[in-house]
Every structure is written in structure tokens, then in C-alpha cells.
Amino acid sequence: MFAQIAIEQVPNMLFTYKIPEGMEVRVGQRVSVPWQRIYRLGYVIALTTESPYRPKPSQHLLQDDLFQAEDSAKIKAIHAIDDELPYFSEPLIKLLRWLADYYSVGFTLALRSALPAPVRAGRVGEKAVFMVAPVEPLPTQLPPLSKRQAELYKEIVRIDGGRMVQVCEELGTTPATLRKLAQLGYITCEQVVVARSPLQGRHVLPSKPLQLTEGQAQALATILQATRPVLLFGVTGSGKTEVYMQAIAKTLEEGRDAIMLVPEISLTPQTVSRFASRFGKTVAVLHSALSDGERHDEWHRIRRGEARVVVGPRSAVFAPVRNLGLLIVDEEHDSGYKQDESPRYSARDVAVVRATMEHAKCILGSATPSLESWRNATELGKYTLVRMSERAGGGMLPVVTVLNMRDAAPAGGPTPIFSPPLIDAMRSRIERGEQIILFLNRRGYAPTYQCDACKESVICSKCSAKMTYHVKDDTLRCHLCGTWQRPPMRCPSCGMPVFNRLGFGTQRVETALHAILPQARIIRMDADSTSRRHSHDELLSAFRAKEADILLGTQMIAKGLDFPNVTLVGILAADRSLDITYDFRAAERTFQLIAQVSGRAGRGSLPGEVVVQTFQPEHPAIRLAALCDYEQFAQEELELRQDSGLPPYKKLACVTFAGKDSDKVAAAATAATRRFNACRGLEVTPAMPAPLEKKEEWWRWQILLHGESAKGIAAACDHVLPKETRITDDLRILVDIDAVFLA
Ligand code: ADP
Ligand code: ZN
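Numbering-wise (my numbering), the sequence shown opens with residue 10 and increments by one.
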């Protein structure tokens with residue numbers, strides 16, 4: 010018998026090893042194998058009875074991966090099985106094979122993305138803690154206790170012990186005192202190994218399923234009967250989460266497991282506790298903000314079948330549940346589901362494929378579905394469309410006012426940050442004790458630091474991007490690479506000493522708010538204010554506890570938040586993303602953003618109001634978002650896409666060439682264009698400098714490929730740019746099938 014093995018460190022090849030007599034190897038197991046002169050860990054991908062080596066080299070290829078060119082006599086044997094319990098189920102391996110083919114990457118790279126880094130790294134030391142427990146009933150002949158010790162013992166009985174650190178904290182005592190009690194025989198104090206869990210130490214109250222509204226009940230019934238993926242198109246606040254939870258409960262009843270994907274940013278403690286309180290210990294959370302130990306332990310809890318409901322961001326689509334019965338993608342339109350490194354998979358699309366392969370149900374939920382999913386659910390009939398058009402709490406969708414900022418500017422003067430109606434609206438909320446969310450998708454103080462004489466802006470030395478002025482530490486910072494510098498004394502272009510700080514980011518808005526509404530308590534939430542590990546959660550909890558009137562933030566506040574006391578949402582510079590001319594999805598993103606941010610208003614019993622400030626009030630994305638008319642927007646935008654031959658009507662891939670020598674990059678991209686042109690059924694946009702021409706000192710060129718099928722495009726990429734040639738010392742080629750970001 011032979012085993013085909015993927016070795017993590019070798020991305021573009023699979024290897025064949027002999028299975029020694031008497032060793033029972035299973036697909037998906039992790040094994041150790043001799044590789045060059047050391048042992049490495051590898052994963053068993055397939056078993057065969059025959060040696061795969063035959064005389065002709067072309068037949069050595071399987072799934073486009075190369076085998077080591079050795080004849081079968083020299084095939085080495087597996088050294089040992091690392092773990093009896095497989096890391097991957099057979100369906101998961103099949104899914105990864107699909108992924109490698111579809112996204113044009115080596116199999117091993119696909120496999121890597123299915124394993125969290127701490128799991129790949131091997132064993133992360135287990136965590137041992139001291140647990141304290143009262144001895145009950147007490148044996149008769151124990152030494153007497155002092156009065157304080159006796160009181161402490163009583164308290165320990167009352168709280169029934171627990172982790173030593175927690176007992177110390179709760180009862181205001183020390184480990185030494187507890188150990189003394191243990192010596193005397195009143196309590197036990199033992200070291201035990203515990204799974205590190207993100208829910209540990211959090212008090213979670215159990216919750217019961219809610220009585221469904223009529224809309225929810227109908228949606229759930231359709232979902233439970235559906236034989237195809239379901240697009241759950243539910244307005245903001247329609248109660249999609251409750252539908253998901255009841256569908257999950259049903260899945261568990263049937264003895265199957267469930268995965269729910271959420272955008273990374275909305276994986277807040279609120280979401281997690283909602284699930285934990287409904288499903289208890291059977292929930293596992295996979296989240297990049299967890300410690301390595303927590304991620305390691307959660308993943309293995311799933312693999313062992315101890316956790317059967319998985320909540321996590323995109324990589325959780327590969328969670329090793331044993332019997333997948335339901336896969337949910339919440340906020341399915343979210344661009345965060347697209348992986349930003351190779352393989353550039355879309356977790357939403359992978360979810361649909363995995364659910365289909367494993368005969369599981371699939372729900373894609375959104376108030377603003379991606380046009381891809383919308384077309385699948387309408388024109389193509391591939392998905393079942395389920396609507397929920399009413400808010401679950403019975404409230405109305407917020408009233409949206411669009412303010413044209415051209416009217417707000419005094420003649421000849423600069424445009425103010427706030428229009429007078431927005432200031433009035435904010436003032437009235439603060440007086441009434443209601444809360445406000447202000448959204449601006451730009452951090453820092455001023456996004457442009459411009460010379461007053463020659464009007465040149467200061468550009469990052471490593472990227473082709475403007476530097477943003479940060480007032481707190483008086484620096485210019487590049488938001489792409491993190492480089493910072495002191496503001497120059499003289500203009501690098503013309504030598505003049507006067508600069509203007511143009512435009513506004515969240516820091517400047519905060520300063521302006523303090524001036525206009527001195528009484529307002531403000532929480533600012535952006536990448537600068539949330540860099541510490543739990544700061545994101547802390548700021549949201551403070552806002553929930555009404556410790557602030559205004560939550561001001563970037564896209565990290567746009568999604569999923571449910572604050573019943575928020576009655577006003579202000580959207581500043583709503584058209585910012587519309588100015589991106591190179592990205593055909595700009596209008597779709599703008600619509601989604603406005604609709605999602607607006608959806609944060611009026612979620613409780615109080616009605617909500619939204620004020621949108623823009624220079625382009627007539628743009629369909631803004632006009633229709635203000636009317637909450639997704640279907641009209643989708644129809645108009647789909648017509649435009651069809652006329653221009655863009656996704657979802659055609660498949661699109663973006664091939665990026667990056668390197669430090671701009672001439673070499675240009676030459677490589679141009680040469681590839683010629684070869685792509687020779688491929689049939691492909692429309693090739695010739696190589697050009699990428700919109701973001703330079704990033705972190707790497708020059709970037711792009712080719713766009715349009716075609717009827719992703720398969721055809723991937724095949725052309727494999728042909729023109731063989732996988733093992735894509736990364737060299739001075740050139741990196743990145744193939745992005747179904748590209749979402751075209752910068
Ligand atoms: P969505 O995700 O669709 O925007 P949520 O799931 O966050 O909406 O639900 C919005 C609000 O409605 C939440 O506060 C939730 O607790 C409440 N809710 C959901 N379903 C019900 C129900 N059946 N009865 C009462 N309240 C509900
Ligand atoms: Zn930079």
C-alpha cells in the first residue's frame with residue numbers, strides 16, 4: 010500500500026510513501042515521514058495499492074501537483090502515525106482538491122488554509138490550572154480552624170470552589186491561605202488540564218428559543234424543506250440570528266453539526282454569548298483575536314466531536330466537524346469573506362460547495378445580498394429565495410434623509426464636517442438621553458497633507474499612497490504599510506514651508522464634535538483606538554452601558570451591532586467609495602454600506618432616523634439605499650453589469666505581478682499578456698500598472714482576465730503561469746480568481 014502525502018512546507022508537490030507492514034494508515038491522518046534528511050509532518054491525502062510511478066513523466070501528474078521523480082523501488086516509508094484521529098475527513102479533502110483546482114493553487118497551499126496556524130505548528134503546551142473544591146462531608150477528626158479560616162471555608166462551600174485565581178479574586182484571599190486550608194484537609198487544591206476557551210470565565214445565562222414572528226416561522230419552514238442553498242434576504246433587524254439558531258437546534262437534534270460564518274468584525278462578544286447561551290459548551294469559537302492556545306484547543310475540540318456548533322470568520326468554513334448538517338454564511342455580501350492571500354478563496358462560495366458535497370443545508374443571509382447571490386436566487390434559480398421584510402421587534406425601518414453637502418458649504422468657503430440638520434438631530438438625541446452612531450470610513454485626522462504653494466501632497470516613501478496626518482502624535486502615517494514620519498518642515502517638491510491639512514478622518518471629527526457639542530460623551534472606534542487585544546469589546550460594552558452618547562467609528566461599527574437605544578445614525582462622506590473609478594463594485598459597496606449602517610438605527614422600541622451626508626445625492630447607490638430599495642438597486646446594477654460583460658455575468662480574474670524592479674515587473678506582465686492572448690475563450694485586459702502602483706516598495710502590475718467559466722480561466726493561468734514558477738526571489742505572481750478587490 011502507498012499513501013499520497015502533503016507536506017506543509019512544500020506547497021506545490023504531493024509525495025508518495027510506502028505504508029510499512031502492519032501500520033494502519035487512514036486518509037486525513039497526520040503522519041511523520043522522512044523528507045530529505047529530516048522527519049516532517051505530513052497529511053495523508055489518498056491511499057493506493059499501486060505505486061503511482063510509471064515510465065512517462067506526464068503521467069506522474071495528478072491534480073496538477075508534481076510528484077518527486079523517483080522510481081518506485083526508492084519510495085520511502087512512513088515513519089509513524091502522529092495522531093490516530095484524522096485531521097481531515099474525506100469530504101474535506103475532496104473540498105480542498107476542488108479549492109486548489111478552482112483557485113489555481115497547489116493542493117498543499119489549500120490544505121494550509123484549512124488549518125489554523127497554532128494547529129499547524131503542532132502542539133501548543135496544554136494549560137494546567139489549580140482548581141479548589143471544598144471537601145464534603147468533612148471527616149470528623151480535622152484540626153480546628155481559626156475564625157477567619159472557618160469563614161473562608163464556608164464561603165468556598167457557598168460558591169462551590171472553582172479556579173484558584175477566581176476563588177482568590179471573588180473571596181479576597183490568597184493562594185497561600187487556600188493551600189493552608191488544603192493542608193488542614195478542608196479543601197482540595199489540584200492541578201488539572203483545561204481546554205483554553207474563549208468563553209471561559211464569562212457568565213453566560215442559558216436562553217430559550219424565542220417565539221418566532223410569522224416571517225421568521227415561514228423562513229425557517231422553507232429552510233428546513235429546501236434542497237438547494239437558501240438566500241435569506243431579511244431586512245436589518247428582521248431577526249435572522251434567531252432563525253439561524255433554530256435551524257441549528259434542529260440540525261443538532263438530527264445528530265448533525267453546524268457551522269456559522271460571520272464577518273470577522275462582527276464576531277463580537279454579543280454574538281458569541283448569544284450562541285453560547287443557547288447551545289452551551291457545544292459551541293466552539295474560531296477567531297483570529299483568540300490566543301494561540303485558545304485557537305488550538307477550540308479546533309481540537311471540534312475535531313474530537315466535543316463541539317458541534319462552530320462560529321467563526323471565513324477560515325471556519327473548513328472546521329473539522331464530523332457530520333456537517335448546516336452551513337450558514339451571515340452577511341454573505343461581506344467582502345471580508347474573500348481571503349486576501351493565496352489561495353484567494355471566497356468563504357461564501359466555498360461554503361456553498363462544501364454544503365453541497367456533504368449534503369448539508371446552506372443558508373446565505375443578508376439585508377443587502379451580493380449581486381452574485383441575488384442573481385443565483387432570482388434569474389438563475391440556483392438558490393431558494395426567502396424574504397423577511399419586517400423587523401422582528403415590530404419597529405419600522407429608519408427614515409433616511411439625504412443631505413447634499415454642496416448646499417451646506419458657505420459661498421466660497423470650505424465644506425463643514427457637519428451639516429446644520431445633523432447637528433440639530435444630534436443635539437436633540439443627547440437631550441433625550443438617546444444614543445447616536447456616526448460613521449466615517451477614514452481614520453486619522455486629515456487624509457491629505459498638502460503643500461500650500463505647489464499643491465503636492467506628501468506621499469509614502471514605500472507606497473503610491475497619500476500619507477494621513479495624525480494629530481495625537483503629530484505624525485504622517487501610511488495606512489497601507491504603517492510607515493510614519495514627522496511632518497516635513499518644507500515641501501519635498503518645491504521647498505515652501507506652508508502646508509494644509511485637508512479633508513477629515515475620525516480624529517478630526519472627534520475634535521469637531523467636542524467643539525460643537527461640548528456636553529457629548531464620545532467613543533471613537535477605529536484601528537487606532539482598538540489596537541489592544543480586548544479594546545474593541547470594551548468600547549462596545551461601554552457604549553451598550555450608555556457610558557457614551559456618540560459612537561464614532563469606521564467600518565468596524567457598520568455591521569451586526571444591535572443597540573436598542575440608538576435612534577440616530579449619521580453617515581459622513583457617504584460617497585467616498587463611489588470615487589473609486591477602477592473598481593466596478595464601488596456602487597454595490599456603497600449601497601451595502603449605507604444600508605447596513607442605517608440598519609443600526611431604531612432597533613429597539615424607539616423609531617430610528619438616518620442622516621446621509623454626500624456630494625452625490627442623485628447617485629442610484631445613495632438614492633436607493635436611502636429608500637431601502639435593494640431590489641430596485643440590484644435590478645439596475647445587474648443591467649449595467651450585463652451590458653459591460655462584468656461579474657456576475659462573466660467570470661473575472663486578476664493576475665498581479667509584484668517586484669522591486671519596476672522594469673522587470675512590467676516585462677513579466679507584458680510577456681504574460683501575450684501568452685494569455687493566445688488562450689481561447691479569454692478576454693484579456695493588457696498588462697497595466699495596478700491602481701495601487703507601489704506597495705511596501707514593491708511595484709505592481711495587473712492583467713484582468715474575463716471568461717465564461719472560472720475553470721477556463723484557472724486552466725489558462727496554470728498553462729501560462731505554472732504554479733511552481735509564480736514565486737521567485739524578485740517576482741511574485743498572484744492569481745486571484747473571482748477577484749473582489751481590484752487595487
Ligand atoms: P438581523 O440580524 O436580521 O439584523 P437580529 O437577529 O439582530 O436581526 O434581530 C434584531 C432584534 O430583534 C434583536 O434584538 C433580537 O433579539 C430581536 N428578535 C429577533 N427575533 C425575535 C422574536 N421572534 N421575538 C422578539 N424579538 C426578536
Ligand atoms: Zn506606505
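Don't be surprised by glycine CBs; every beta carbon is placed ideally from N, CA and C.
The structure displayed is predicted, hence computed values, not measured ones.
ALA369 to ARG265 span [Cα, whole Å] = Their backbone Cα atoms lie some 9 Å apart in a straight line.
ask   = Which word fits ALA12, buried or exposed, when buried means at least 16 other C-beta atoms lie within 10 angstroms of its C-beta?
value = ALA12 is buried by the Cβ-count criterion.
LEU489 Cβ short of 7 Å to the ligand ZN heavy atom set = At least one heavy atom of the ligand ZN is nearer than 7 Å to the Cβ of LEU489, so yes.
query = Relative to the ligand ADP, is the shortest distance from any of its heavy atoms to the C-beta of THR576 smaller than 7 Å?
reply = Not one heavy atom of the ligand ADP is found less than 7 Å from the C-beta of THR576.
First through last residue of the alpha helix (DSSP H) which encompasses ILE257 = It spans 249-262 - the alpha helix (DSSP H) in which ILE257 sits, taken as one unbroken run.
key: Bridge partner(s) assigned by DSSP for GLY374   = Partner(s): LEU241, ASP339.
query = In this structure, does DSSP put HIS368 in helix, strand or coil?
reply = Shown here, HIS368 sits in coil according to DSSP, grouped into three states, outside any helix or strand.
query = For GLY444, is the beta carbon positioned less than 7 Å from some heavy atom of the ligand ADP?
reply = Reading the sequence as shown, one finds Gln at residue 444 and not Gly. No, Cβ of GLN444 sits at least 7 Å from all heavy atoms of the ligand ADP.
key: Any alpha helix (DSSP H) of 4 or more consecutive residues that is wholly inside the region 143-196   = The qualifying runs are 156-168, 173-180, 184-193.
message = Checking 8 Å against the spacing of the C-beta atoms, do MET366 and PRO100 come in under that value?
response = Cβ distance < 8 Å, so MET366 and PRO100 count as in contact.
query = Can we count LYS471 as close to the ligand ZN, meaning its CB is less than 7 Å from some heavy atom?
reply = At least one heavy atom of the ligand ZN falls within 7 Å of the beta-carbon of LYS471.
message = Given a cut-off of 8 Å on the beta-carbon distance, is the pair CYS637 and ASP745 in contact?
response = With contacts defined as CB atoms closer than 8 Å, CYS637 and ASP745 fail to qualify as a contacting pair.
inquiry  = Considering just the uninterrupted stretch of the beta strand (DSSP E) at ILE695, what are its terminal residues?
reply    = At residue 695 the sequence reads Pro, which differs from the Ile that was named. Residues 691-704.
ask   = Who are the near neighbours of CYS500 in its chain, counting only those whose CB is closer than 7 Å to its CB and skipping five residues on each side?
value = The answer, listed in chain order, is CYS460, ALA462, CYS463, GLU465.
ask   = How far does the beta strand (DSSP E) with HIS479 in it reach, from first residue to last?
value = From DSSP, the beta strand (DSSP E) with HIS479 extends over 477-479.
Assigned secondary structure, PHE448 (DSSP; H/G/I helix, E/B strand, else coil) = DSSP places PHE448 in strand when its eight states are reduced to three.
ask   = CA-CA distance, PRO329 and VAL40?
value = Here the alpha carbon of PRO329 sits roughly 18 Å from the alpha carbon of VAL40.
task = Pick out whichever of ARG167, PHE666, LEU701, SER550 has its Cα sitting closest to the Cα of TYR591.
result = Of ARG167, PHE666, LEU701, SER550, the residue nearest in Cα terms is LEU701.
query = Nearest CA to the CA of LYS481: which residue from ARG287, ARG495, SER473, ASP584?
reply = Minimum Cα distance to LYS481 is reached at ARG495.
task = Would you kindly work out how many angstroms separate the C-alpha atoms of GLY314 and VAL271, rounded to a whole number?
result = Cα to Cα, the separation comes out at about 21 Å.
query = Should the region 477-492 be regarded as contacting the region 401-410, the criterion being three or more beta carbon pairs within less than 8 Å?
reply = Contact between the region 477-492 and the region 401-410 is absent, because fewer than three Cβ pairs lie under 8 Å.
task = Go through its chain and collect everything with a Cβ distance to TRP383's Cβ below 7 Å, but skip five positions before and after it.
result = Once the five neighbours on either side are set aside, the close Cβ partners of TRP383 are ALA643.
task = Would you check whether the ligand ADP has a heavy atom nearer than 7 Å to the C-beta of ARG612?
result = For ARG612, the shortest C-beta to heavy atom distance toward the ligand ADP is below 7 Å.
ask   = Should LEU219 be listed as close to the ligand ADP, given that the test is whether its C-beta is under 7 Å from any heavy atom?
value = Correct: LEU219 has its Cβ closer than 7 Å to the ligand ADP.
message = Quick check: the Cα distance between GLN255 and LYS249, rounded to an integer number of angstroms?
response = Going from the Cα of GLN255 to the Cα of LYS249 covers about 10 Å.
request  = Might you give, ordered along the chain, the residues of its own chain that have their beta carbon closer than 8 Å to the beta carbon of LYS568, omitting 5 neighbours on each side?
outcome  = The answer, listed in chain order, is PRO272, ILE274, SER275, GLU340, ASP343, GLN605.
query = Opposite THR57 in the DSSP bridges: which residues?
reply = Paired residue(s): PHE11.
task = Tell me where the alpha helix (DSSP H) around LEU511 begins and ends.
result = It is not in any alpha helix (DSSP H) - LEU511 instead sits in the beta strand (DSSP E) that spans 508-511.
Burial state of VAL338, where buried means 16 or more other Cβ atoms lie within 10 Å = With 16 or more Cβ atoms within 10 Å of its Cβ, VAL338 is classed as buried.
message = If you reduce the DSSP assignment to three classes, tell me which class ARG542 lands in.
response = In the displayed model, ARG542 falls within coil according to three-state DSSP, outside both helix and strand.
Residue from THR623, LEU240, GLN220, VAL34 with nearest C-alpha to ASN385 = Nearest of THR623, LEU240, GLN220, VAL34 to ASN385, Cα basis: LEU240.
query = For the beta strand (DSSP E) that contains MET414, what are its first and last residues?
reply = Where MET414 is concerned, there is no enclosing beta strand (DSSP E), although the alpha helix (DSSP H) it sits in stretches over 414-417.
inquiry  = Less than 8 Å between the C-beta atoms of ASP588 and LYS660, yes or no?
reply    = Note that the C-beta distance between ASP588 and LYS660 is not below 8 Å.
message = Give me, in chain order, the residues of the same chain whose beta-carbon lies closer than 8 Å to that of PRO430; leave out the 5 immediate sequence neighbours on both sides.
response = So the qualifying residues of the chain are THR410, LEU412, VAL620.
query = Residues bridged to TRP710 by DSSP?
reply = According to DSSP, residue pairing for TRP710 in a beta bridge involves PHE666, PRO698.
ask   = From what residue to what residue does the beta strand (DSSP E) around ALA293 run?
value = In the DSSP assignment, ALA293 falls within the unbroken beta strand (DSSP E) covering 292-294.
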